[in-house]
Amino acid sequence: MTAAVLDHDAAHAPEEHHTSFPVDNRKMAIWTFIGSECMFFASLISTFVIYRDSHAKGPGPKEIFEVPLVTAGTAVLLFSSFFVVMALNGAQQGDRKKLITWLSLTVLCGCFFVGMQVYEFTHFYHEGMRYTTNLFATSFFTLTGFHGTHVAIGTLWLGTLLKDAIKGRIPPKKALNLEIAALYWHFVDVVWIIIFPVVYLMSLGR
Amino acid sequence: MRRSRALGWLLPFGLLCGLTLVFLAGCSGPYPQSTLSPKGDFATMVDAVFMKTVWLAGIVFLLVEGALLLAIIKFRGKPNDPEPKQIHGSTVVEIIWTIVPAVVLAIVAVPTVRAIFATAEVPTTSPDGQPPLKVEVIGHQWYWEFRYPDLGITTANELHVPLNRAIDFRLKSADVIHSFWVPQFAGKRDLFPNRETRIWMIARETGSFPSSCTEYCGLEHGRMDFYLMVDSAKSFDAWVQLRHSDSAVAANGTPFVPPATTTSAITPGTTPVVAAVAPGKNVKAPTPVVATTVAAVPAASGDPRVDAGAKLFQANCATCHSISSAHPQSPTNIGPNLAGIGTRKMIAAGWYPNNNADLQNWLQHYNDVKPGVFMAVRSLSDAEAQALVAYLRTRR
Amino acid sequence: MATTVLEPAHAVATHKRSVLVEWLTTVDHKKVGILYGASAFIFFLMGGIEALIIRLQLVRPDNHLVTPEFYNQLFTMHGTTMIFLAVMPISAMFFNYFVPLLIGARDVAFPRLNAMSLWVFILGGLFLNFSFLLNAAPNGGWFGYAPLSARQFAPQMNMDFWMLGLQTLGIASLAAGVNFFTTILNMRTHGMTLMRMPMFVWAVLVTQVLVLLSFPVITVALIMLTADRTFGSHFFNMTSGAAGDPMLWQHLFWVFGHPEVYILILPAFGIVSEILPVFARKPLFGYSAMVFSMALIAFLGFGVWSHHMFATGMGPIADSFFSLATMLIAIPTGVKIFNWIGTLWGGSIQFKTPLYFAVGFIAMFIMGGLSGVMHAVAPADLQQTDTYFVVAHFHYVLFGGSIFALTAGAYYWWPKMFGRMLNETLGKVHFWLMLIGFNVTFFPMHFVGLLGMPRRVYTYPAGLGFEQYNQLSTIGAFVLALGFLVFIYNVLSTWRNGAQAPADPWGGATLEWSIPSPPQEWNFPTEPVVTDKDALWVMKRAAGVRELPEPQPVSGKGIHMPSPSWWPLVAACGILIFMIGIMVKRPWAFPFGPISMLGFAITAFAVLKWSYQPVDHAATSHH
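Protein sequence lines, in the order shown, are assigned to chains A, B and C. Taking the working numbering, I'd label the letters of the first sequence as residues 862 to 1067. Taking the working numbering, I'd label the letters of the second sequence as residues 2 to 397. Taking the working numbering, I'd label the letters of the third sequence as residues 341 to 963.
Here it is in structure tokens:
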């Protein structure tokens, strides 16, 4: 949310920007926000690690995780990070076609990932793993649910930028708008790259 | 001129501090809950390192506050004074006043770590040559349950320990977090519903000592007190004997018919409502004591008031309160064990003196005395309450 | 005061703004700051009244002035209010008003986000206090330990108010954290390098780092508590066979809670570091040592949280580690105290009210620091924790420390903020009442704590020797309250008729004193150029004068300033509605009630609207 707020809220019109560091305010703010979010996910991941063996009642990770599907989701999310870099490159070069193509692909990836998670959660629900079934389930849903919310917000954010791009409102000098969203998107990816092994792979070996 | 103004400026404050000190000197004891007069090994060790810290802190306090005071007296300026010399700092001075506090802290740190390790382990032997006495402390909202697994005794709100014996406390809570503290003898230790914690003490002085719960535990946290009774070896043994005499009394106060096997004496059919404490796990079956002295069994009493009280107890109180140390499990186990209530020092979790008037008042108006307490009895007439008091008095 | 006239494009909509609308839509960091201060001061008075009732209840043993239920609400709300609704936002008032002025900027980096922080804070504070009207104020302590805060033991909505109120306030703090971190790093004027920044700005910067890294932890803890209380999970309790661990709450809470202590005190350090040099007429002693010691305090502050948990029995190795780490913090703290004394030493000290409070701060903070070292001694802490000794300790650092320094800051910066001088005599009366009242209240608590009086008890029995100490504390509390009445009288009596404040009444060293009191909307007509620390002293010295000529108000033609906006307030309302929705969620099952959905939609809509709103307008002055 904060990230989105920052998007257009700067004290001075961009042309008369004077900043102490050669970084735009919004870019610095998103980095700051990302730093803070690290502690947010660190707390959630720690909680999951503490509780991942608490599944005396109900299914545990071995019975329930569908690793191939999640691996596919992980791959898609990883690729999307590459796509958004290409889109940004297009925006900076003023290549509108390139920008729109790659940005659309990124948004598609985001949608796929969110869809994958919705499917996964529904599946777990039908398999008897509900939010309060056991602490493994609770901390799993809390962690991945909040990550999924971040992906969803990021997808919406990139979606609005895609709309702007189609309407031709992202000229090279406004490429920063996309760059900020891309930074956030990379962060969300990186968090998943930690969650995927810690939550899925390491829990299977237990 | 400048100095005298400064002194005049300090005068009111100095005067007030003086008055405060005079007032504080007027505060005279006794301080039965004080940490400053340790009477046990654990507390003595803590006190030693604490006093060391206090002295060091006192010296640092005088030096630093003195320097501050000197600075504001000495360098008092007037608006038209010339600009003082502009000094931006000095690396040498910075290094000095980084190292000096580090040294002072090292002086505190060494005995601290030593005391941490010295107090961490429960001693394996006692000064009186006996093995340490195990006591299980169970915190309830808002009273204390004490179990002696090796003696087969359960009691509440009055903790008896022998002099010169290491006491090995095993702490657990039945509901929320509480904290167990016997200030003259040891530091605090929290009680958790999902884990056992431990602390120990060795008492070096007999007497009765008040104490309180020291972790906020809800509505009546302020009135979750108990008394620690440090007994001489002889009187402790007498107390144990007295408690064992309860083996002839069932939890509800009727004469107890021992079941075929002793181990099943307390476990079956008494699943407590408060589920966090598994009684079977914590309590060893009481040593079957053949009742040599059958204490006052209600039916055997000659006093009609006592008999009436016994019936009232059975009808109204026995669901939640056990009146026997040896058969501690009342059906719900919500209320404190009342074994020996007739001779306890205090009632209502260490709050009111155990006299007939207060006991009767408590029975009739417990919700005014201690709002929110989990007692739920129909209101008792004066006669009924007096009969109950008479009966409870017989429980020693 | 200059009013804002907008460029013709926006003029139609805004020409007839009433005063109320002007304040509700403001994005001016100075107005935001004043609103922070005013609302926080009201909350501070409420917290003070709660404290006075507490003191009256404890004036004699076995007192029945209030019920135990109400007492528990009082001490919970007193702690929560003073931390989150008084000390933090009063500090935020100074951040808002003075950080841009001190670094020579015209506003913060994100003015509308800043306004949103303000409104979220105010609404969160009102939400928390609204609970009193329902007789359902939070009653589980400001630390909300599980499982006492679980639905099982706290079935009413008291703790819902607490967890959702704190969550709301956390959003405000985090948004402000991002904003001020960026502002300080990126909005400094020409030549204002990091190591030339005024010490207060450094303090704010370090504080924001603490906020940004510690608040997410309490956010997560509160999310889990919300899940436990609302959705029936068992993160922190073990009913019905679940394996939740109340220790997890304690760790998460104190990983946040200890840095929070420094969030409360570092701004105070900064304010005192501004005031002492000005009134000693001598630069701050050991500037870089002050910067590094503050950074070190913040860093170590993240490694000592378990010293709040010695009584849980963590074992000797953990106890030793956290004991020693806590003692380490005393070293940089000591360095700061010595440097303050070093600043006074050799100066020409001008005894104005702000200096009184600043010196009072040092004297009281030393005492709080020393009792803090006593807590670091883990075995001694086992005796002191949860007794009145701890209450004495943290009031010496948070009242004797933070509140003394914030009051010093109020007297120091009042002329700049409101253009009037406060009465010096009344200020000194306030100081003496506060110093005496404070010590009479809290010094006896050391003794009564060591004599065995536990904290958070609504009454105590006679015969334990607690009576006279408690009487003394109660008397002191009322002297303290009298001190603040004098302050209020001082403000009211000088509001219209007080002496007009010049631009630079104290002989200041920093940029805010180079512009009129109160400053015009755009702060600086031209962006100032800084060549060294104590920028204004450098300028005066270069001009060879002790006082620069009084700056005149200028026309702001051509200066672009952010436009006022309703959307921050609307977004804040949405967040509050979201929180209320969680509370009344129960009739609807999954996952949030429609009210929360509505709140989320409102916030999202408001944020989108402000994203596409034009950013700024050119301002001109008109009298």
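No residue lacks a Cβ here, since even glycine has one placed at the ideal position from N, Cα and C. Here the structure is a predicted model, which is why all the values come from computation and not from measurement.
- At a beta-carbon threshold of 9 Å, none of the residues of chain C lie near G343 (chain B); the nearest stands roughly 22 Å away.
- In this structure, DSSP gives S379 (chain C) a helical state, which the three-state scheme calls helix.
- Below the 8 Å Cβ cutoff, chain C contributes no neighbours of Y1061 (chain A), its closest Cβ being approximately 21 Å away.
- The shortest CA-to-CA distance from A582 (chain C) to any of A:G1066, A:W1018, A:N995, A:G1015 is the one to A:N995.
- S431 (chain C) and V546 (chain C) have their alpha carbons spaced roughly 13 Å apart.
- DSSP places P929 (chain A) inside the alpha helix (DSSP H), whose first and last residues are 928-954.
- Ranked by how close their Cα comes to the Cα of C970 (chain A), the residues A:K1034, A:P922, A:G934 have A:G934 in first place.
- Think of a sphere of 8 Å around the beta carbon of L588 (chain C): the chain A residues whose beta carbon falls inside it are T908, I911, in chain order.
- Sequence-distant partners of V1052 (chain A) (beyond 5 residues in either direction) whose C-beta falls short of 7 Å from its own C-beta, in its chain, are F902, H1008.
- Taking the C-beta atoms as reference points, L964 (chain A) is found nearer than 9 Å to A1026 (chain A).
- The beta carbon of S573 (chain C) sits closer than 9 Å to some beta carbon of chain A.
- Judged by DSSP secondary structure, A167 (chain B) falls within the beta strand (DSSP E) whose first and last residues are 167-174.
- For R1030 (chain A), the number of other beta carbons within 10 angstroms of its own is below 16, and it is reported as exposed.
- Three or more beta-carbon pairs separated by less than 8 Å are not found between the stretch 148-158 of chain B and the stretch 191-207 of chain B, which leaves the two stretches without contact.
- When the five nearest sequence neighbours on each side are left out, the beta carbons in the same chain lying within less than 6 Å of the beta carbon of S663 (chain C) are those of A716, A718, in order along the chain.
- Those residues of the stretch 1000-1030 of chain A placed with their C-beta closer than 7 Å to a C-beta in chain C are T1003, ordered along the chain.
- Around the CB of H366 (chain B), fewer than 16 other CB atoms lie within 10 Å, so the residue is classed as exposed.
- Each residue's CA atom was taken as its position, placing V884 (chain A) and D368 (chain C) some 24 Å apart.
- Rounded to the nearest whole angstrom, the CA to CA distance from D48 (chain B) to L37 (chain B) is 7 Å.
- When the Cα atoms are used, M707 (chain C) and F678 (chain C) turn out to be separated by approximately 14 Å.
- Not flagged as an interface residue toward chain C: C970 (chain A), since no C-beta distance is shorter than 9 Å.
- T407, P408, E409, N412: these are the residues of the stretch 407-435 of chain C whose beta carbon lies less than 7 Å from some beta carbon of chain B, given in chain order.
- Contact between the stretch 164-177 of chain B and the stretch 544-562 of chain C is absent: fewer than three C-beta pairs spanning the two stretches fall below 8 Å.
- About 17 Å separates the Cβ atoms of A1043 (chain A) and V937 (chain A), ruling out a contact at the 8 Å cut-off.
- For a Cβ distance threshold of 9 Å, residue set W10, I73, R77, G78 of chain B lies close to F691 (chain C), ordered along the chain.
- Residues of chain C whose Cβ lies closer than 8 Å to the Cβ of Y1045 (chain A) do not exist, since the nearest Cβ in that chain is about 13 Å away.
- With 16 or more other CB atoms across the displayed protein chains lying within 10 angstroms of its CB, K40 (chain B) is buried.
- Under the 10 Å beta carbon count, E890 (chain C) is surrounded by fewer than 16 other beta carbons and is classified as exposed.
- At a cut-off of 9 Å between C-beta atoms, S660 (chain C) counts as an interface residue with respect to chain B.
- When DSSP states are grouped into helix, strand and coil, T156 (chain B) belongs to the strand group.
- With respect to the 9 Å criterion, A703 (chain C) and L69 (chain B) are classified as neighbours on the basis of their beta carbons.
- For T1016 (chain A), the closest alpha carbon among the candidates A:F973, A:P1058, A:F985 is that of A:F973.
- Rounded to whole angstroms, the separation of the alpha carbons of E852 (chain C) and S513 (chain C) is 25 Å.
- Looking at the backbone, the Cα of M578 (chain C) and that of T999 (chain A) are separated by about 14 Å.
- The C-alpha of F619 (chain C) lies about 8 Å from the C-alpha of K692 (chain C).
- The beta carbon of G517 (chain C) sits closer than 9 Å to some beta carbon of chain A.
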